[in-house]
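Protein sequences, first through last, are from chains A and B.
Going by this note's numbering, the letters in the first sequence line up with residues 2 to 98, in that order.
Going by this note's numbering, the letters in the second sequence line up with residues 18 to 354, in that order.
C-beta atoms are modelled at their ideal positions from N, C-alpha and C, and glycine is treated no differently.
Heads up: the structure comes next, in structure tokens.
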Amino acid sequence: MEFRYLENVVTLELDGDRCTGCGMCTQVCVQAVLALNDGVAYIVDRDGCMECGACAMNCPVAALMVRPGVGCAWAVFTDWFKKKNVSSQEGSENIRS
Amino acid sequence: MGWIETPVGRVAGVSTKWTPRDKLGQTLVRMGIKRMRYTVATGLYAIGEPDFDSPVLVTANYKLSFDLLRRELAGRNLWLLVLETFGINVWCAAGKGTFGTSELVNRIRKVQLATVVKHRNVILPQLGAPGVAAHEVKKATGFRVRYGPVRAQDLPGYLDNGMKVSEESRRVRFPLRDRLVLTPVELVQAWKPSLVILLLLFVLSGLSRQGFDLHAAVSRSFAPILIYLGALLTGSLITPAFLPWIPGKAFSLKGTQLGLLWALFVSFTVASDWSGANLVALFLLAPAVAAYFAMNFTGCSTFTSLSGVKKEMRIAVPVIILSIVSGGIVLLVGSLS
Ligand code: SF4
Ligand code: SF4
Numbered sequence: 002m003e004f005r006y007l008e009n010v011v012t013l014e015l016d017g018d019r020c021t022g023c024g025m026c027t028q029v030c031v032q033a034v035l036a037l038n039d040g041v042a043y044i045v046d047r048d049g050c051m052e053c054g055a056c057a058m059n060c061p062v063a064a065l066m067v068r069p070g071v072g073c074a075w076a077v078f079t080d081w082f083k084k085k086n087v088s089s090q091e092g093s094e095n096i097r098s
Numbered sequence: 018m019g020w021i022e023t024p025v026g027r028v029a030g031v032s033t034k035w036t037p038r039d040k041l042g043q044t045l046v047r048m049g050i051k052r053m054r055y056t057v058a059t060g061l062y063a064i065g066e067p068d069f070d071s072p073v074l075v076t077a078n079y080k081l082s083f084d085l086l087r088r089e090l091a092g093r094n095l096w097l098l099v100l101e102t103f104g105i106n107v108w109c110a111a112g113k114g115t116f117g118t119s120e121l122v123n124r125i126r127k128v129q130l131a132t133v134v135k136h137r138n139v140i141l142p143q144l145g146a147p148g149v150a151a152h153e154v155k156k157a158t159g160f161r162v163r164y165g166p167v168r169a170q171d172l173p174g175y176l177d178n179g180m181k182v183s184e185e186s187r188r189v190r191f192p193l194r195d196r197l198v199l200t201p202v203e204l205v206q207a208w209k210p211s212l213v214i215l216l217l218l219f220v221l222s223g224l225s226r227q228g229f230d231l232h233a234a235v236s237r238s239f240a241p242i243l244i245y246l247g248a249l250l251t252g253s254l255i256t257p258a259f260l261p262w263i264p265g266k267a268f269s270l271k272g273t274q275l276g277l278l279w280a281l282f283v284s285f286t287v288a289s290d291w292s293g294a295n296l297v298a299l300f301l302l303a304p305a306v307a308a309y310f311a312m313n314f315t316g317c318s319t320f321t322s323l324s325g326v327k328k329e330m331r332i333a334v335p336v337i338i339l340s341i342v343s344g345g346i347v348l349l350v351g352s353l354s
């Protein structure tokens, strides 16, 4: 049984030129989004990514980038209200790399 | 439990058995009755009689996770390093960064782990990876982070297998059981706002040109209250249970479909003699309310991305609001005319 969520939305980016093929990202991803091929990581299942940020966090050479966050409607609601109160803070979402 | 002597002093031993109290705690937390501050003290613990060579497992100070972990470790000798996550589970704490690189590095130093064990490995649950940069921990402490399996029950196999994680136990599954375990929390959270809504529906039902009429309220509030409660259960319980089999990807869309089914069911059974206004309101309200509660289940699910949820909400939230407001107006006009 496989669960799928919306397609073509995730912020995951991989810079294959930087990758050293250590395999760390394939180990930490619970969604099997990444795999190694000929000693270089590549994205197998982009839409499976849930933007947890584990791969980018654990890549020693910063070859992966993703805007990490929790896919939770309630958290987004809370965020909307906060943003309204603290004026616009668009640039504050940090890109983890 | 007893104490274990180490070069850096005594370390508390923990039992791998659960007491009735631990079981009760598990249930209350799952029900959402006891949410906050279910913690254990941070620091180093001993399971069995560990020595210089025993593995070190790292976990959060959320008692629920701690209990699930120690139960799986019966008959083994190892160290447990508990990080300060303020009573939050590993996955959520890693997302927030409390189960993170600096907490792990500081805790390793504080308990003088390098003196307690000879090897230089710490085993973390895989779900802690979003918060911890393994290479930085290594740089700062010399300890190599190994990511173990996702679930505590796969730990014995992992430890016996020379610390190899099978493909299968790297993945997060999300079986029916796990989904249902999460629904009571949803319901408990919906309880208070729901009371307000039910009261509001009751009062609105009693309104007429002559003012508020208790009789009318009692007889006419039945319809909207039934619609609401059914839609609440549909969105927060039935949709999660049938999640993988309902067509569509967005949770709100899944909830809408079941909400529609609920409305159809009502209209063919109890509502066969309802007024036109009540019927229109039924079809405006039930799918929207179900969609709302289904959408809130995204936070419990294990595969939704923030970008996806934001996209879903940009469309779903305005539609839900519009639908509920117009449904409310129809109900109100219906009872005033
Ligand atoms: S962000 Fe998480 S889910 Fe996405 S590829 Fe990286 S580790 Fe996998
Ligand atoms: S963690 Fe980074 S360097 Fe290692 S395989 Fe993945 S992308 Fe390549």
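Per DSSP, what kind of secondary structure is A/S98 in: helix, strand or coil?
Working through the first sequence from its first residue, we reach residue 98 of chain A at position 97. Reliability fails at A/S98, whose pLDDT of 42 lies under 50, so the model's placement of it is uncertain and the value that follows must be treated cautiously. Coil.
For A/V34 and chain B, any beta-carbon pair shorter than 8 Å?
For the purposes of this step, residue 34 of chain A is taken as the residue at position 33 of the first sequence. Not one chain B Cβ lies under 8 Å of A/V34.
Contact set between the stretch 43 to 61 of chain A and chain B, restricted to residues whose Cβ is under 7 Å from the partner
So the list reads C50, M51, E52, C53, G54, A55, M58, N59 and P61, given in the order they occur along the chain.
Work out the CA separation of B/V283 and B/T118 for me, nearest whole Å.
Along the second sequence, read from residue 1 onward, the residue named residue 118 of chain B stands at position 101. Along the second sequence, read from residue 1 onward, the residue named residue 283 of chain B stands at position 266. If I take the Cα positions, the gap works out to 54 Å.
How long is the line joining the alpha carbons of B/K155 and B/A207, rounded to whole angstroms?
Numbered from 1 along the second sequence, position 138 holds the residue referred to as residue 155 of chain B. Numbered from 1 along the second sequence, position 190 holds the residue referred to as residue 207 of chain B. Rounded to whole angstroms, B/K155 and B/A207 show a C-alpha spacing of 44 Å.
Opposite A/N38 in the DSSP bridges: which residues?
Here residue 38 of chain A refers to the residue found at position 37 of the first sequence. A/V41, per the DSSP bridge assignment.
Going by DSSP, what residues sit across from A/M66 in a beta bridge?
The residue you call residue 66 of chain A lines up with position 65 of the first sequence. In DSSP, A/M66 forms a bridge with A/E14.
Buried or exposed by the 16-neighbour rule on C-beta atoms within 10 Å, applied to A/N95:
Position 94 of the first sequence holds residue 95 of chain A. Here the model assigns A/N95 a pLDDT of 41, short of 50, so the residue's position is not dependable, and the following value carries that caveat. By the beta-carbon neighbour count (other beta carbons within 10 angstroms, threshold 16), A/N95 is exposed.
If you measure from the CB of B/G117, is any heavy atom of ligand 2 nearer than 7 Å?
Translated into positions along the second sequence, residue 117 of chain B becomes position 100. It does not: the Cβ of B/G117 is nowhere closer than 7 Å to a heavy atom of ligand 2.
Say yes only if the C-beta of A/G54 is nearer than 7 Å to one or more non-hydrogen atoms of ligand 1, and no if none qualify.
As a first step, residue 54 of chain A must be located in the first sequence, where it is residue number 53. The answer is yes for A/G54.
With a threshold of 6 Å on Cβ separation, who are the neighbours of B/G252 within its own chain once the five nearest residues in sequence on each side are excluded?
Taking the first residue of the second sequence as position 1, residue 252 of chain B is located at position 235. G272, A307, F310 and A311.
Could you pull out every residue in the same chain whose Cβ sits closer than 6 Å to the Cβ of B/L109, ignoring the five residues on either side in sequence?
As a first step, residue 109 of chain B must be located in the second sequence, where it is residue number 92. First, the amino acid is wrong: residue 109 of chain B is Cys here, not Leu. No residues qualify anywhere along the chain.
Where does B/N138 sit, in a helix, a strand or coil, going by DSSP?
Looking up residue 138 of chain B in the second sequence gives position 121. Of the three classes helix, strand and coil, the one that applies to B/N138 here is strand, per DSSP.
Are A/G17 and A/A33 closer than 8 Å when you measure CB to CB?
Position 16 of the first sequence holds residue 17 of chain A. Position 32 of the first sequence holds residue 33 of chain A. Not in contact: A/G17 and A/A33 (Cβ atoms no closer than 8 Å).
Proximal residues, the stretch 13 to 28 of chain A versus chain B, C-beta separation under 8 Å
Residues of the stretch 13 to 28 of chain A with a C-beta less than 8 Å from any C-beta of chain B: M25 and Q28, listed in chain order.
Listing by chain order, which chain B residues have their CB less than 7 Å from the CB of A/G40?
In the first sequence, residue 40 of chain A corresponds to position 39, counting from 1. By Cβ distance, chain B contributes nothing, its closest Cβ being about 18 Å from A/G40, past 7 Å.
Beta-carbon separation of A/C30 and A/A64 under 8 Å?
Within the first sequence, residue 30 of chain A is the residue found at index 29, counting from 1. Within the first sequence, residue 64 of chain A is the residue found at index 63, counting from 1. Taking the C-beta atoms as reference points, A/A64 is found no nearer than 8 Å to A/C30.
Nearer than 7 Å: is that true of the beta carbon of A/V29 relative to any heavy atom of ligand 1?
Taking the first residue of the first sequence as 1, we reach residue 29 of chain A at position 28. Yes, ligand 1 has a heavy atom inside 7 Å of this Cβ.
Can you tell me whether B/T44 is helix, strand or coil according to DSSP?
If you number the second sequence from 1, residue 44 of chain B lands on position 27. In the three-state DSSP reduction, B/T44 falls in the helix class (H, G or I).
Short of 8 Å Cβ to Cβ, which residues in the stretch 124 to 157 of chain B face chain A?
Q143, L144, A146, P147, G148, V149, A150, A151 and H152
Under the DSSP definition of a beta bridge, which residues are partnered with B/T56?
Counting from 1 along the second sequence, the entry for residue 56 of chain B is found at position 39. Note: B/T56 sits in a beta bridge opposite B/Y79.
What residues match up with B/V162 in a beta bridge as DSSP calls it?
Along the second sequence, read from residue 1 onward, the residue named residue 162 of chain B stands at position 145. B/V162 is bridged to B/V139.
Classify B/V28 as helix, strand or coil using the three-state DSSP reduction.
Here residue 28 of chain B is taken as the residue at index 11 of the second sequence, counted from 1. Strand, per DSSP.
Taking the CB atoms as reference points, tell me whether A/P69 and B/P147 lie closer together than 8 Å.
On the first sequence, position 68 is the one that residue 69 of chain A refers to. On the second sequence, position 130 is the one that residue 147 of chain B refers to. For A/P69 and B/P147, yes; Cβs fall inside 8 Å.
Whole angstroms is fine: what's the gap from B/T36's alpha carbon to B/R88's?
Taking the second sequence and counting its residues from 1, the one referred to as residue 36 of chain B is at position 19. Taking the second sequence and counting its residues from 1, the one referred to as residue 88 of chain B is at position 71. Their backbone Cα atoms lie some 11 Å apart in a straight line.
Out of B/L41, B/L81, B/A77 and B/T23, which has the shortest C-alpha to C-alpha gap to B/E66?
Position 49 of the second sequence, counting from 1, holds the residue named residue 66 of chain B. Looking only at B/L41, B/L81, B/A77 and B/T23, the smallest Cα-Cα distance to B/E66 is reached by B/T23.
Flag B/T321 as yes if its beta-carbon sits less than 8 Å from any beta-carbon of chain A, otherwise no.
For the purposes of this step, residue 321 of chain B is taken as the residue at position 304 of the second sequence. Closer than 8 Å to some Cβ of chain A, the Cβ of B/T321 qualifies, so yes.
Within the present structure, is the beta-carbon of A/M58 separated from the nearest heavy atom of ligand 2 by less than 7 Å?
For the purposes of this step, residue 58 of chain A is taken as residue 57 along the first sequence, with counting starting at 1. Answer for A/M58: no, Cβ out of range of ligand 2.
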